[in-house]
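Residues in the sequence shown are numbered from 245 upward in steps of one, following my numbering.
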Amino acid sequence: MSDTLLRASVYVGKGGVGKTTSTAHLGVSAVQDHDLDVLLIDLAGTQNDLAASFGLLDEVADPDAPISAIFGDDWDFIQENIPNVVERMIFKTDEGVDLIPSDVGLSGADNNLASVNLEDRYKILDEFLTEEIAPRYDLVLMDLPGNENNIVLNGLFASERTIVPLKPGEFERNQLSNLENDLEEFELDTNGEVSPVVSMVLPTMVDSVSNQSSEFVEYLSEEYPDRTSTPIKDTQNIGNLQGEGKTLFAAADDELYGTGKEARTAYREATTKLLERLRQ
Ligand SMILES: Nc1ncnc2c1ncn2[C@@H]1O[C@H](COP(=O)(O)OP(=O)(O)OP(=O)(O)O)[C@@H](O)[C@H]1O
Ligand SMILES: [Mg+2]
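Here is the structure:
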């Protein structure tokens, strides 16, 4: 294990573009293909989609150590008095990555953060990663909610690097410039404390026949040539496997369609590219 923790957030201010799917697949590939110790943190609300992706919904339903606790006033006390509190936050998946699920306390934690002084408000997660996660893992990927709140700002501050999944669609071309505007605004709103950069753009749910898809991929590759990863094919395998609590990496070759195999390869390539960029 290396002593520097690589960090990235999956973020874009838009729902249903493949944020959670990408977090899961990038994480598993980093374990299986790059032999890293990887932690995924779900900060994206209370649905626990990431836990569902690994078939852990029941296990995480009532965590004895929720991630939201780190944002509360009692955290120091909890840390000192509850043995192994960080280990108890972490769940093991069948695919090699570890997971900290989201919990119902996150919206309350967001509200509480509003009353924390500006000096400290965005730095709580960063401190937690440095103190507790860096000694244990090589890479942390955070699945952030698609809005602007104090939890998002903590994620962006703690990682600085963002991975941006985008799917083809009529209005989607603007998403990336909207995102860059949002990121600039975060920087202004926080007096330069939070200054995230886009590390990788990931075209998702791309089908090989529609013009919309190919124009979209072309546009991204022209606008963001170094940062656009191999497009992830639209494939029924992803949704079906999510229903079984698995990623593409847990499926045998003969269980996958051609599109599923292509999507799996593309996620592998994206992971290699991401790690290169995070190590720069
Ligand atoms: N490459 C793909 N091909 C087909 N379906 C996909 C693909 N990637 C994701 N999906 C499906 O698209 C839906 C949205 O994906 P996902 O949940 O990852 O997006 P999200 O951005 O995390 O959404 P939310 O904003 O709700 O958190 C899911 O039903 C998922 O199964
Ligand atoms: Mg999601």
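We treat Cβ as the ideally placed atom computed from N, Cα and C, and that holds for glycine.
From a predicted model like this one, the values you see are computed outputs, not experimental measurements.
Check: Rounded straight-line distance, which links the Cα of P475 to that of L287; Outcome: 25 Å
Check: Cβ-based neighbour list, V256, same chain, cut-off 6 Å, excluding 5 preceding and 5 following; Outcome: V408, L423
Check: Around ligand 2, Cβ to any heavy atom closer than 7 Å, ordered along the chain; Outcome: K263, T264, A288, D293, D387
Check: CA nearest to the CA of E363, picked from E462, G436, A295, S346; Outcome: G436
Check: Reduced DSSP category for R332 - H, G, I as helix; E, B as strand; rest coil; Outcome: helix
Check: Test item: CB-CB of M444 and A510 under 8 Å; Outcome: no
Check: 8 Å Cβ cutoff met for S576 and F460; Outcome: Look at the range of the chain in this structure, 245 to 524, and you will see that residue 576 is not part of it.
Check: Neighbour flag for N481 against chain C, beta carbons, 8 Å; Outcome: Among the chains in the structure shown there is no chain C, since it carries only a single protein chain.
Check: heavy atom of ligand 3 below 7 Å from V261 C-beta; Outcome: By its list of ligands, the structure shown excludes ligand 3, since it contains just ligand 1 and ligand 2.
Check: Simplified DSSP state of V282, which is helix, strand or coil; Outcome: strand
Check: I482 CB to nearest heavy atom of ligand 1 below 7 Å; Outcome: yes
Check: DSSP state of K477 mapped onto helix, strand, coil; Outcome: strand
Check: For L400 and V438, believed in contact at Cβ under 8 Å, the rounded distance; Outcome: 5 Å
Check: Bridge-paired residues (DSSP) for V442; Outcome: T406
Check: S244, enclosing alpha helix (DSSP H) - first and last residue; Outcome: In the structure as shown, the chain begins at 245 and stops at 524. Residue 244 is therefore absent and cannot be evaluated.
Check: Ranges of the alpha helix (DSSP H) found wholly within the region 307 to 388, counting only runs of at least 4; Outcome: 319 to 325, 329 to 333, 350 to 357, 362 to 365, 368 to 372
Check: Span of the alpha helix (DSSP H) around F430; Outcome: 417 to 433
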